[in-house]
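Chemist: Residues 1 to 309 (the UniProt record's numbering) make up the sequence shown, in order.
Virtual Cβ for every residue (Gly too), placed ideally from N, Cα, C.
These figures come from a predicted structure and were not determined experimentally.
What follows is a structure written as structure tokens; I'll ask about it next.
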Amino acid sequence: MNRGAARQTIFRDSDCYTAFLDALAEAHSRFDLQIHAYCLMGNHYHLLVHTPRGNLSRGMRHINGVYTQRFNRLQRRDGPLFRGRYKAILVDADSYLLSLSRYIHRNPIETRKPLVGELEDYPWSSYPAYLNRVSLPEWLYRDFVYGALGRRNKFQAYRDYVEQGVDADIRAFYQRQRQAPIMGDDSFRARVLGEAGEISREVPRCERMLQVPESSDSLVAVVAEAFDLAVADIYARPGRGRGAWNPARALAMWLCQERAGMTLAEIGRLFGGIHYSGVSQAIRRLKGRLAEGEDGLKEIKVVMSMFSS
Numbered sequence: 001m002n003r004g005a006a007r008q009t010i011f012r013d014s015d016c017y018t019a020f021l022d023a024l025a026e027a028h029s030r031f032d033l034q035i036h037a038y039c040l041m042g043n044h045y046h047l048l049v050h051t052p053r054g055n056l057s058r059g060m061r062h063i064n065g066v067y068t069q070r071f072n073r074l075q076r077r078d079g080p081l082f083r084g085r086y087k088a089i090l091v092d093a094d095s096y097l098l099s100l101s102r103y104i105h106r107n108p109i110e111t112r113k114p115l116v117g118e119l120e121d122y123p124w125s126s127y128p129a130y131l132n133r134v135s136l137p138e139w140l141y142r143d144f145v146y147g148a149l150g151r152r153n154k155f156q157a158y159r160d161y162v163e164q165g166v167d168a169d170i171r172a173f174y175q176r177q178r179q180a181p182i183m184g185d186d187s188f189r190a191r192v193l194g195e196a197g198e199i200s201r202e203v204p205r206c207e208r209m210l211q212v213p214e215s216s217d218s219l220v221a222v223v224a225e226a227f228d229l230a231v232a233d234i235y236a237r238p239g240r241g242r243g244a245w246n247p248a249r250a251l252a253m254w255l256c257q258e259r260a261g262m263t264l265a266e267i268g269r270l271f272g273g274i275h276y277s278g279v280s281q282a283i284r285r286l287k288g289r290l291a292e293g294e295d296g297l298k299e300i301k302v303v304m305s306m307f308s309s
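Structure follows, in structure tokens:
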């Protein structure tokens, strides 16, 4: 889940909600995120997600970053939207997935002032799809939750289950001032922490971060989206006499170096066959302007905020 910075509204109209759902669809397609439930509220959102490829950070960075860009464009604003990195909780699916989906779906009425009279009338959660009242997005996975109910009439069974209210242990978990990063019994927590410890001992942190480098194409696509440019325009080598500084191109080069682990020579070949010294100069110039706090760098700052987690 994540909240707006200073609890500001992050969904102001239907276009904003739709833009966020589009980002979910893209995250499913690009990163194989399996979304079991969602609820979009005015100043925060909840997602129940499974990541078969273990790439939650990349998927969430895409969702938060791309949505921030689109929100800013829709609302004619700039700057960060969310208060920081998303809050992730590792869940014992066998024990808690069903009850957690209920907690998420009941959000619109579990407030001081309920947003709807009937929960199924709230359009910005996956609950209507669970009741088969709206078409099912291809990226929404309902079967695991239905399977936990173990009844034939899954739509009515799930409605009955949700109407019973939130479990006391789930409510207590979310009411804590500091929530634990793991939701499960002692044996589940011990198993998770034990596996994490073994990985940490076997692979140094810096190497773990570089095990699955991000592709140059995906990085350049993020920059193109932020600057409202075509990807080809960022890759293209400037013609003669066009030596003016190109912040989008410089940022893309820097990300390819930092996030994709590419050498300056490799980046030069990718960006139109320029010499590696030209790549170095562009990156150095970008860092200098950021360090000096120059105005007019809002797109760069938005993109960089996506990679801060």
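1. Does DSSP classify ARG289 as helix, strand or coil?
2. For a test of the three-state rule: what should DSSP assign to ILE10, helix, strand or coil?
3. So ALA37 and SER135 are in contact, right, with Cβ under 8 angstroms, and what is the actual spacing, rounded?
4. Run the CB neighbour count on LEU193, radius 10 Å, all protein chains shown included, and call it buried at 16 or more, exposed below.
5. Are the beta-carbon atoms belonging to ALA250 and ILE234 less than 7 angstroms from one another?
6. Closer than 6 angstroms to a non-hydrogen atom of the ligand GTP - does that hold for the CB of CYS39?
7. Grab me the residues of ALA157's own chain with a C-beta within less than 7 angstroms of its C-beta, minus the 5 sequence neighbours each way, in chain order.
8. Any idea if HIS275 is buried or exposed, counting beta-carbon neighbours within 10 angstroms, 16 or more meaning buried?
9. Report the residue ranges of all alpha helix (DSSP H) runs contained in full by the UniProt domain "Transposase IS200-like" (1-107); include only those spanning at least 4 residues, in chain order.
10. Could you check what DSSP says for residue 353 in three-state terms: helix, strand or coil?
11. In whole angstroms, give me the CA-to-CA distance for ALA265 and PRO181.
12. For MET306, name the three-state secondary structure that DSSP assigns.
13. Does DSSP put LEU140 in a helix, in a strand, or in coil?
14. Are the beta-carbon atoms belonging to GLN34 and TYR141 less than 7 angstroms from one another?
15. Can the beta-carbon of VAL223 be found less than 7 angstroms from the beta-carbon of ALA252?
16. Skipping 5 residues on each side, what residues in its chain have a beta carbon closer than 6 angstroms to that of MET306?
17. On the DSSP bridge assignment, give the partners of SER125 in chain order.
18. Do the stretch 94-101 and the stretch 14-23 make contact, defined as three or more Cβ pairs closer than 8 angstroms?
19. Skipping 5 residues on each side, what residues in its chain have a beta carbon closer than 7 angstroms to that of SER216?
20. So TYR45 and ASN2 are supposed to be a Cβ contact under 8 angstroms. How far apart are they, rounded?
21. Report yes if the C-beta distance between ALA27 and ILE63 is below 7 angstroms; otherwise report no.
22. Return helix, strand or coil for VAL220, following the three-state DSSP convention.
23. Run the CB neighbour count on ALA226, radius 10 Å, all protein chains shown included, and call it buried at 16 or more, exposed below.
24. Considering only C-alpha positions, which residue in the set CYS39, ALA190 and GLU299 is nearest to LEU229?
25. Using a threshold of 7 angstroms, state whether the C-beta atoms of SER99 and ILE170 are closer than that.
26. Find the nearest neighbour of GLU163 within the set ASP185, TRP139, LEU131 and ALA172, judged by alpha-carbon distance.
27. Less than 7 angstroms between the beta carbons of VAL116 and PRO128, yes or no?
28. Is SER215 helix, strand or coil by DSSP?
29. Measure the alpha-carbon distance for PRO114 versus ARG83 and round it to whole angstroms.
30. Can you list, in chain order, the residues of its chain whose CB lies under 8 angstroms from that of VAL302, leaving out five sequence neighbours each side?
Modeler: Taking the coordinates as given:
1. The three-state secondary structure of ARG289, taken from DSSP, is helix.
2. coil
3. So it is not a contact: roughly 17 angstroms between Cβ atoms.
4. exposed
5. Not closer than 7 angstroms, so no.
6. Looking at this structure, you won't find the ligand GTP or any other ligand, since it has none at all.
7. Excluding positions up to five away in sequence, the list reads LEU149 and ARG151.
8. When all chains shown are included, HIS275 counts as exposed.
9. Runs of the alpha helix (DSSP H) lying entirely within the UniProt domain "Transposase IS200-like" (1-107) and spanning at least 4 residues, in chain order: 14-31, 56-75 and 93-105.
10. Residue numbering for the chain in the displayed model covers 1 to 309; residue 353 lies beyond these limits and cannot be assessed.
11. In a straight line, the C-alpha of ALA265 is about 41 angstroms away from that of PRO181.
12. helix
13. Strand.
14. yes
15. yes
16. Within its own chain, the residues whose Cβ lies closer than 6 angstroms to the Cβ of MET306, once the five positions on either side in sequence are excluded, are ARG61 and GLY65, listed in chain order.
17. Its beta-bridge partners are CYS39.
18. no
19. CYS256, ALA260, MET262 and LEU270
20. 6 angstroms
21. yes
22. helix
23. buried
24. GLU299
25. yes
26. LEU131
27. no
28. When DSSP states are grouped into helix, strand and coil, SER215 belongs to the coil group.
29. 24 angstroms
30. GLY65, THR68, GLN69, ASN72, ASP78, GLY79, PRO80 and ALA226
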